[in-house]
Amino acid sequence: MNNDALMEKLVALCKRRGFIFPGSEIYGGLTGTWDYGPLGALLKQNIKQEWWKSMVQLRSDVVGVDAAIMMNPEVWKASGHLEAFTDPLVECMACHSRFRADKKEEIEIHEKTHNEKVEWTNPKKFNLLVEAKLGVIEGEKQTVYLRGEITQGVFVNFENVVSSTRVKIPFGIAQIGKAFRNEITPGNFTYRSREFEQMELEFFVRPEDKEGNKWFDYWKKERMSWYVSLGFNKEKLRFRKHEDDERAHYAKFAEDIEYDAPFGWSEFEGIHHRGDWDLSRHKLSYTDENGEKLVPWVIETSGGVDRSLLFFLLDSYKDDPSTSSGQARTVLKLHPRLAPYKVAVFPLLANKEELVKKAQGIYNDLKPQFMTAWDARGNIGKRYLSQDEAGTPWCVTVDFQTLEDDTVTVRDRDTAKQERVKIERLAGYISNKLS
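Numbered according to the numbering used here, the sequence shown spans residues 659 to 1093.
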C-alpha cells in the first residue's frame, strides 16, 4: 500500500469508526482542530494512562502536577517565549497564503499550484503564542496567553513541589495537558494542529556536565523503550540530533524520536537538555541537604499525545486480504493495553433468548474490570470484522455449547484463532494477556 493510500484509508477509518472527527464539522470546521470520538477518546486516555504509570506510578523519583492553561503573562516574558517563540513567515503575493519560511518542501508544492512564477514577501517573524482576553469590561480586559507549551507550569511550581514533598535531586516533575499554537499551516491529519496535548517530564539534576549527559542518555533510552514496549515497529523509529541552527533557544542539546510516517520522518517526542535556562530565568534555586544552594539543570522529555496516537494508528493499521474465513479484513493491531475496548461479547444468535441472557451476564461481569463492548448485530463474521477495525484484542462468543459446559469461544484479533475458555476463568485469561 502506498503512503497516500494508507493516509486516506486511515482518515476514513477514523471518521467511520469514531476515532477522530474534524473540529466543529457541522459549521464548516476550524482548521487545525480535531475532536476525538468514542474510540479515539478511549485510545487517547489509554496512552496517557500508560505514560503516567511508567513515568510517575512506577517511579519513586517523579511526582506529578496539573498546572493551569492560562498563566500570568510575566511567565512567558521570563521564559523568553514573548521574544523567542517565533517562526519566520512568508506570504504568497498571488493568493496571500502564508507558510513558514523554513518549510521549503511546502513552499515548493505551493509554487507548483500556480501557472506563473510566485513572488514572496520578505520573511516576517510572528509569535506562536495564542492570545486571550480576561475581564468583564470591554476595553479593560487583560491580555493573557494560552500556553504554547506545558513546561512552564512545572517551573513556576518548582518551589511549591519541593516544599510540599520529600523529593531530592535528582527528581522529576511530570505533567500531561493541553497546549496551543498559532500554527500557520496545519496539516497531515492531526500531526500539526493548533490545539494539542503534551506529556512531559522535567528531570532536575545537579549542574555538572557528566550528570546532565548521563541523565540525557538515560532518558533517551527509557523513552524509546517505552514506545517499543507498546508495539511500535523498531524499524520505523529513530533518533535525530538537532543541529546548532535548529535547537530551541533554551536547549544545550536536543534529539527527537521520529517515526517513518507516510509524509516522511516526523518528530513526536523530544529529549532536551535545557540546562539552567528556565529556573534561572524565573530566579528559582534549590537547597540540598547540606545547605548548598544551586540552580539545577533540567533534562526534559516532551511527547505529543496526539502525534503518538496518530503514529500508533498508522503503525497498527493492516489490510489482511486472506483470512481463514476467506473474507478480507482491516485490523488495527494496537497493543492490548492501548486498545479502546479490551474485549467484545456476542451471543451467537441475537434471536435466541437463552444465548442473549447468558452473554449479557458475561458482559456485565467483565465490564467493571475491562472496557467491554457488546454487539448482537448481523452475523458473527461481520461482528468479528467490526471489532478488528476497532482494534479489540479478543471477542467472546456465547454459543449453544456454552449452555452445556459453561465455556465460550475466545477469538484472537491478530491471529483470528479461537479457543474454548471456561467462563469462570475468562477474567483471569484476559488479565494475563494484558500483563
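We put the beta carbon where it would ideally sit given N, CA and C, even for glycine. Small disclaimer: the values here were computed from a predicted structure and weren't measured.
Can you name the residues that DSSP bridges to residue i?
i: Ser-960; result: Glu-858 and Gly-928
i: Arg-1069; result: Cys-1053 and Gln-1076
i: Thr-988; result: Asp-977
i: Cys-672; result: According to DSSP, which records beta bridges pairwise, Cys-672 is partnered with nothing at all.
i: Asp-693; result: Phe-679
i: Thr-801; result: Lys-791
i: Pro-1005; result: Val-1056
i: Pro-781; result: Bridge partners of Pro-781: none, in fact.
i: Val-834; result: The amino acid at residue 834 is misidentified as Val; the sequence shows Ile. Its beta-bridge partners are Met-857.
Is the beta carbon of residue j closer than 9 Å to that of residue i?
i: Ile-929; j: Glu-958; result: yes
i: Glu-853; j: Ala-837; result: yes
i: Ala-912; j: His-940; result: no
i: Val-721; j: Val-819; result: yes
i: Tyr-849; j: Ser-938; result: no
i: Glu-927; j: Ser-960; result: yes
i: Ser-966; j: Tyr-1087; result: no
i: Ser-755; j: Glu-763; result: no
i: Lys-812; j: Ala-725; result: A small fix is needed here, since residue 812 is Val in this sequence, not Lys. The answer is yes: Cβ separation under 9 Å.
i: Ala-1048; j: Val-1003; result: no
i: His-772; j: Phe-757; result: no
i: Ala-1034; j: Pro-1005; result: yes
i: Pro-828; j: Lys-782; result: no
i: Phe-847; j: Val-669; result: yes
i: Val-1066; j: Ile-1020; result: yes
i: Arg-1078; j: Gln-1059; result: yes
Classify residue i as helix, strand or coil using the three-state DSSP reduction.
i: Val-733; result: helix
i: Cys-1053; result: strand
i: Leu-952; result: strand
i: Ile-842; result: coil
i: Asn-815; result: coil
i: Glu-789; result: strand
i: Val-820; result: helix
i: Gln-1027; result: coil
i: Met-751; result: coil
i: Lys-775; result: coil
i: Gly-687; result: coil
i: Phe-808; result: In the sequence on display, residue 808 carries Ile and not Phe. Correct three-state label for Ile-808: coil.
i: Arg-850; result: strand
i: Val-721; result: strand
i: Met-728; result: strand
Is residue i buried or exposed, if buried means 16 or more other CB atoms sit within 10 Å of its CB?
i: Glu-855; result: buried
i: Glu-858; result: buried
i: Tyr-685; result: exposed
i: Cys-1053; result: buried
i: Met-728; result: exposed
i: Gly-1140; result: Because the chain is modelled from 659 through 1093, residue 1140 falls outside the range shown and cannot be assessed.
i: Ser-737; result: buried
i: Glu-807; result: buried
i: Met-751; result: exposed
i: Cys-672; result: buried
i: Ser-821; result: exposed
i: Ile-842; result: buried
i: Phe-897; result: exposed
i: Gly-962; result: buried
i: Val-794; result: exposed
i: Pro-696; result: exposed
i: Pro-979; result: exposed
i: Leu-1110; result: In the structure displayed, the chain extends from 659 to 1093; residue 1110 sits before or after that span and is not available.
Provide the residue span of the beta strand (DSSP E) that contains residue i, from first to last.
i: Glu-913; result: 911–919
i: Lys-899; result: 895–899
i: Arg-758; result: 756–758
By the DSSP assignment, the alpha helix (DSSP H) with residue i in it spans what residues?
i: Thr-1060; result: 1058–1063
i: Ala-1017; result: 1011–1024
i: Arg-1041; result: 1038–1048
i: Ala-997; result: No alpha helix (DSSP H) contains Ala-997, which DSSP labels as neither H nor E.
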